[in-house]
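Undergrad:
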Amino acid sequence: MKALCWTGVNKLEVETVDDPGILNDQDIIVRVLLTTTCGSDLHLLGGYVPTMRAGDVLGHEFLGEVVETGSAVTKHRVGDRVVVCSFISCGKCWYCTNELYSLCDNGNPNAGIPEMLWGQAPGGCYGYSHALGGWAGSHAEYIRVPYADQGAFTVPEGVSNERALFASDAAPTGWMGADLGGVQPGDTVAVWGAGGVGQMAARGALLLGAERVIVIDRYQERLTQVEQVIGAETMNYETSEVLGELRELTGGRGPDVCIEAVGMEAHSDRIDFAYDQIKQQLRLQTDRPTAVREAIFAARKGGSVFVLGVFGGFVDKFPLGAVMNKGLTLRSAQQHGHRYIPMLLERMARDELVTEHLATHVMPLDEAPEGYAMFKEKTDGCVRAVFQP
Amino acid sequence: MGVKTAAAVGAVGVAVGLVARTLVRERKESVGDGRHPEGWKAVTILGDAGEFAADGYPAPLERLRDALEVRIDPAPGDKGFEVHARVREGAEVGDDDPVQALRTALRDAKQLFETGEVLRAKPRPHGHRSVSLLGAVVDKAEDDAKGEGVL
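Just so you know, the protein sequences line up as chains H and L, in that order.
Start counting the first sequence at 121; every next residue gets the next number (my numbering).
Start counting the second sequence at 37; every next residue gets the next number (my numbering).
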């Protein structure tokens, strides 16, 4: 089959690779119908995650059709249209039974690697380095889905592929930020990043009852989507003084909940961005926490900050003093998607959650290297490049 | 700074971090605290401890039984039970490194008991695996992953 492979830092090729097969009784094989780029893939592409291997198949956010089932699979049959959570979770361990699915004890066969990096191992993730299991990704014609009764969800009739695709990752990740960030009716919420995840966090906050939601970015086409599709307010950080304007918008308090949806390659026009960039390029810190810092300074006293953006290692000048003295609640997680995907699909069916506008560029898998280039450089208003294998 | 140089510097940084982490871990392990003296490894498993040991341990752990001391304790709250094990003094585990074999057996026994299967990761689709130092490091890390870590 054809698959998009990472071949080195900032290098991608469509190669012919072996088809996946059923290896465990709880597996299914899915013919991929749509698979999308995600901002966190850029960290892999750029070499910021050191456990990538030339030849790895990328992609973790996808939707497809079941073409083969293992003998222990009970929920799915050949022909089912399914969206698959990007994280691989068994559904049986203590973490899964407590709805902390991305922390599954059993979804990552390479647990020893992240244990050495982080002290404990999260679950596995498709196409997301050997630290998260080395699983082959979804930018391919077919993909093996382990623990399929847990991780694959049948798409309701009437929900389009283009909409349901984002129930795989962007929508549950964003929703989790709003939910676990503690958004309450009447809250003011600020979201850093107007990509797919940031937009979904903003929509989630509104649906959970937030009175005002402000999304911060520098790409006007993304901010326009936020205003026209998501229904939130926007702030362009290249033309606004973010902290001052957030204070003014909130009567001097600051947002109740701040959601960071940017990650380790944050940009800013502030001086600390230059500092972070130099330190990251010299490998004196692995990640750029520029947006996290701003979120912490912006949050109201006693408020909460949720870090949705992906980080891999260590950061410098982390304002722990502000966290402590302002009494902030700081939370983070990879997505616990299994907890939200059925509810999100229902909301998609009721048109409460619209996502297809994110797929600004849909193209064949053969053109995936060009699609990634557009997505990385944000050219032609690209929000997400989506591939049809 | 070129990409290759940056990648090499990054690899060295990661390697230094892992070495430092290993040194810290070995120092901690050598201290012991009475309850977890040197050599004990443990996993916490959700389920009924009686079933875990009803007809012998799950196969991955049962295979090493003669070489191991095993202790099963209830875990606090709703977390199930703890399986503690260590390799007996002087015992051999085939050609394998005993500690790596123990970690692997504990991880697999937990997974088999909780989920009904041991997840197979390979074979899996992949493109051309070019030969490189960093690639060799990743391959080795993956080959050893179940037997390594902080377990």
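Backbone N, C-alpha and C define an ideal beta-carbon position, used for all residues, glycine too.
(1) Report all residues from its chain with a CB closer than 6 Å to the CB of H:V137; omit the five preceding and five following residues, and keep chain order.
(2) State buried or exposed for H:S280, treating a residue as buried only when at least 16 other CB atoms are found within 10 Å of its CB.
(3) From L:I81 to H:F393, what does the alpha carbon distance come to, in whole angstroms?
(4) Is DSSP giving L:A177 helix, strand or coil here?
(5) Using 8 Å as the threshold, is the region 170-185 of chain L in touch with the region 140-148 of chain H, meaning 3 or more CB pairs across them?
(6) Count the other CB atoms within 10 Å of the CB of H:P170; is the residue buried (16 or more) or exposed (fewer)?
(7) Going by DSSP in three states, L:P94 sits in which element: helix, strand or coil?
(8) Name the chain H residues that come within less than 7 Å of L:K115, Cβ to Cβ?
(9) State yes or no: is the C-beta of H:A260 within less than 9 Å of the C-beta of H:M172?
(10) Relative to the alpha-carbon of H:Y357, which residue among H:E414, H:P439, H:T157 has its alpha-carbon at the smallest distance?
(11) Hey, is the region 298-310 of chain H in contact with the region 218-236 of chain H, meaning 3+ C-beta pairs nearer than 8 Å?
(12) Which partner residues of H:C224 appear in the DSSP bridge assignment?
(13) Using 8 Å as the cut-off, can you tell me whether the region 435-443 of chain H makes contact with the region 405-413 of chain H, which would need three or more C-beta pairs spanning the two stretches below that distance?
(14) Measure the alpha-carbon distance for H:K212 versus H:G371 and round it to whole angstroms.
(15) Under a Cβ-count criterion, where at least 16 other Cβ atoms within 10 Å of its own Cβ denotes burial, should L:E153 be classed as buried or exposed?
(16) Going along chain L in order, which residues have a C-beta closer than 7 Å to the C-beta of H:N230?
(17) Less than 9 Å separating the beta-carbons of H:F273 and H:V202?
(18) Determine which residues share a DSSP beta bridge with H:M483 and list them.
(19) Counting only Cβ pairs nearer than 9 Å, list the residues of chain H close to L:P159.
(20) Extract the residue ranges of the alpha helix (DSSP H) inside the region 393-418 of chain H, only unbroken runs of 4 or more that lie entirely within it.
(21) Would H:P276 be called buried (16 or more neighbouring beta carbons within 10 Å of its own) or exposed?
(22) Check the Cβ-Cβ distances between H:C210 and every residue of chain L, and say whether any is below 9 Å.
(23) I want to see whether chain H comes within less than 9 Å of L:R139, judged by CB atoms only; does it?
(24) Check whether the Cβ of H:C158 lies closer than 8 Å to any heavy atom of the ligand FAD, and answer yes or no.
(25) Just to confirm, is the Cβ distance from H:Y262 to H:W255 under 9 Å?
(26) Any idea which residues DSSP pairs H:L450 with across the strands?
(27) Just the Cα atoms here: how many angstroms apart are H:L404 and H:A287?
(28) From the DSSP output, read off the bridge partner residues of H:W214.
(29) Helix, strand or coil, according to DSSP, for H:R283 in the structure here?
(30) Kindly identify the DSSP beta-bridge partner or partners of L:H120.
(31) I'd like to know whether the C-beta atoms of H:V265 and H:G271 end up nearer to each other than 9 Å.
(32) What is the residue span of the alpha helix (DSSP H) that H:M463 lies within?
(33) Going by C-alpha to C-alpha distance, which of H:G294, H:L154, H:A241 sits closest to H:C378?
TA: Checking against the coordinates, here is how it stands:
(1) A123
(2) exposed
(3) 44 Å
(4) helix
(5) Touching, no.
(6) buried
(7) coil
(8) W214, listed in chain order.
(9) 9 Å or more divides the Cβ of H:A260 from the Cβ of H:M172.
(10) H:E414
(11) These segments do not touch.
(12) DSSP output for H:C224 lists no bridge partner at all.
(13) yes
(14) 47 Å
(15) buried
(16) E178, A181
(17) yes
(18) For H:M483, the beta-bridge partners assigned by DSSP are H:F507.
(19) D138, P140, G141, L143
(20) 410-418, all fully within the region 393-418 of chain H.
(21) Classification for H:P276: exposed.
(22) yes
(23) yes
(24) Among the components modelled here there is no ligand, and therefore nothing to report on the ligand FAD.
(25) no
(26) H:V425
(27) Straight-line measurement puts the Cα of H:A287 at about 36 Å from the Cα of H:L404.
(28) H:W214 pairs with nothing; no bridge assigned.
(29) helix
(30) L:A78, L:R107
(31) yes
(32) 461-469
(33) H:G294
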